[in-house]
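K.L.:
Residue numbers (my numbering): 85 to 344.
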C-alpha cells in the first residue's frame with residue numbers, strides 16, 4: 085500500500101521525519117512531498133508558486149531515509165495532495181499521512197490547519213487520511229518528544245485501513261513519552277481550539293495578525309480537554325458536505341413566494 089507523507093511545517097521539519105519513520109516501519113510504500121517552506125494555517129488551499137504555469141518543486145534526499153523518494157514543493161499541502169492523487173504520482177497513493185504537526189490540532193479551529201486540510205482534501209478524492217499532531221505550547225521550551233506517537237501509530241493505522249474510503253482521522257498526542265500517556269480516547273471537537281488568532285496592530289496600509297492561547301478551559305469530553313488531561317485523542321472528521329436540514333424546503337418556498 086502506497087502512502088503519501090506530507091505536512092504544513094515544511095520538508096525539513098522533524099515531525100515530517102518522524103512520521104516518515106513510522107510509515108516506513110509499518111511496511112508502507114512511502115513517498116514524501118511537502119511544502120518547501122512553512123505553510124501553517126493553509127487549510128485546504130491549493131495555491132502554489134508557479135513558473136509558466138508549472139508548480140515549482142525539487143527532489144530532496146531525507147537524511148534518515150535515503151531510499152524514500154522525496155520532493156520539496158513550492159505549494160500548500162492541499163495542492164500537493166491534489167497533484168499526487170490526480171496524475172503526478174504513479175502509482176497513485178492509497179492513503180495520505182500528514183504531520184507530525186508542531187502543535188495540537190483540536191477544536192473547530194482545525195478548519196484552518198494545513199495538516200488537517202491535507203487529509204480533508206484526500207477525502208474529497210475518496211482517499212483515507214490521517215493527521216498526526218503533537219501538543220506543543222504556543223511558545224515552547226526544551227525539546228520535543230517526536231516519538232510520542234510511536235506506540236499509537238500502528239493501532240490508529242489499522243483503524244484507518246479498516247475504515248471506508250475517504251475516512252479522515254485526526255490524532256493528537258501529548259508532548260511526552262508514550263509511557264506517560266493516559267489511554268487513547270475518542271473525542272469530539274472543542275468549540276474552538278487551543279490557539280486563537282487576533283489582530284495585534286492596525287496601522288496605515290496594513291495590520292498584524294498574531295496568535296494567543298485560548299484562555300478558557302475546553303468543554304469536558306472534547307479533544308482539547310482530554311488532551312490537556314494527558315490523553316491522546318482520536319477524532320473522525322468529515323470533509324465538505326451539504327448540511328441537510330439547515331434550509332427547510334417549505335421555508336425556502338415561502339421566501340420565493342414573498343420575493344415574487
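Quick reminder that beta carbons are idealized off the backbone N, C-alpha and C, glycines included.
Near residue 194, what residues of its chain come up, given a Cβ to Cβ distance below 6 Å and the 5 sequence neighbours on each side ignored?
P.N.:
If you number the chain shown from 1, residue 194 lands on position 110. Hits under 6 Å: 200.
K.L.:
Please list, in chain order, all residues of the same chain as residue 139 whose beta carbon is under 8 Å from its beta carbon, the five residues on each side excluded.
P.N.:
Numbered from 1 along the chain shown, position 55 holds the residue referred to as residue 139. The residues are 132, 133, 157, 158, 159, 163, 167.
K.L.:
By a C-beta neighbour count over all protein chains shown, 10 Å radius and 16 as the cutoff for buried, is residue 270 buried or exposed?
P.N.:
Reading the chain shown from its first residue, position 186 is the one you call residue 270. Label assigned to residue 270: exposed.
K.L.:
Give the single residue among 172, 218, 179, 119 whose Cα lies nearest to the Cα of residue 189.
P.N.:
Residue 189 sits at position 105 when you count from the first residue of the chain shown. Of 172, 218, 179, 119, the residue nearest in Cα terms is 218.
K.L.:
Does the beta-carbon of residue 287 have 16 or more other beta-carbons within 10 angstroms, so that it is buried, or is it exposed?
P.N.:
The residue you call residue 287 lines up with position 203 of the chain shown. So residue 287 counts as exposed.
K.L.:
Expressed to the nearest angstrom, what Euclidean distance is found between the alpha-carbon atoms of residue 146 and residue 328?
P.N.:
Counting from 1 along the chain shown, the entry for residue 146 is found at position 62. Counting from 1 along the chain shown, the entry for residue 328 is found at position 244. Those two C-alpha atoms are separated by around 45 Å.
K.L.:
Check whether the segment 256–269 touches the segment 204–219, counting contact only when three or more Cβ pairs, one atom from each stretch, lie closer than 8 Å.
P.N.:
Touching, yes.
K.L.:
In chain order, which beta strand (DSSP E) runs of at least 3 residues are fully inside the segment 244–276?
P.N.:
Entirely contained in the segment 244–276, the beta strand (DSSP E) runs reaching 3 residues are, in chain order, 252–258.
K.L.:
Short of 6 Å in beta carbon distance, which residues of its chain neighbour residue 203, apart from the five on each side in sequence? Order them along the chain.
P.N.:
As a first step, residue 203 is located in the chain shown; it is residue number 119 there, counting from the start. Within the same chain, residue 203 has close Cβ partners 180, 182, 213, 215, 252.
K.L.:
Give the DSSP-derived three-state secondary structure of residue 106 in the structure shown.
P.N.:
Start at 1 with the first residue of the chain shown, and residue 106 comes out as number 22. In this structure, residue 106 counts as helix in the three-state DSSP scheme.
K.L.:
Quick check on the burial criterion: 16 or more other C-beta atoms within 10 angstroms. Buried or exposed for residue 307?
P.N.:
The count along the chain shown starts at 1 and reaches residue 307 at position 223. Its Cβ being crowded by 16 or more others within 10 Å, residue 307 is buried.
K.L.:
Output the distance between the C-alpha atoms of residue 311 and residue 318, rounded to the nearest integer angstrom.
P.N.:
The residue labelled residue 311 in the question sits at position 227 within the chain shown. The residue labelled residue 318 in the question sits at position 234 within the chain shown. Between residue 311 and residue 318, the C-alpha separation is close to 10 Å.
K.L.:
Going by beta-carbon coordinates alone, are residue 110 and residue 244 separated by less than 8 Å?
P.N.:
One-based indexing of the chain shown puts residue 110 at position 26. One-based indexing of the chain shown puts residue 244 at position 160. Contact flag unset, no.
K.L.:
Nearest by alpha-carbon distance to residue 98: which of 85, 112, 184 is it?
P.N.:
Residue numbering aside, residue 98 sits at position 14 when the chain shown is read from its first letter. Nearest option by C-alpha distance: 184.
K.L.:
Cβ atoms of residue 161 and residue 113: under 8 Å apart, would you say?
P.N.:
As a first step, residue 113 is located in the chain shown; it is residue number 29 there, counting from the start. As a first step, residue 161 is located in the chain shown; it is residue number 77 there, counting from the start. Not closer than 8 Å, so no.
K.L.:
Compute the Euclidean distance between the alpha carbons of residue 165 and residue 223, then round it to the nearest angstrom.
P.N.:
If you number the chain shown from 1, residue 165 lands on position 81. If you number the chain shown from 1, residue 223 lands on position 139. Between residue 165 and residue 223, the C-alpha separation is close to 30 Å.
K.L.:
Give me the Cα-Cα distance between residue 321 and residue 187, rounded to the nearest whole angstrom.
P.N.:
Along the chain shown, one-based indexing puts residue 321 at 237. Along the chain shown, one-based indexing puts residue 187 at 103. Near 18 Å, if we compare the C-alpha coordinates of residue 187 and residue 321.
K.L.:
Would you say residue 266 and residue 315 are within 8 Å of each other, going by their C-beta atoms?
P.N.:
The residue labelled residue 266 in the question sits at position 182 within the chain shown. The residue labelled residue 315 in the question sits at position 231 within the chain shown. Yes, they are a contact pair.
K.L.:
Kindly indicate which three-state DSSP category residue 307 falls into: helix, strand or coil?
P.N.:
Counting from 1 along the chain shown, the entry for residue 307 is found at position 223. It is helical.
K.L.:
Rounded to whole angstroms, what's the CA-CA distance from residue 102 to residue 227? Just pull it up for me.
P.N.:
The residue given as residue 102 occupies position 18 in the chain shown. The residue given as residue 227 occupies position 143 in the chain shown. So the alpha carbons of these two residues sit roughly 14 Å apart.
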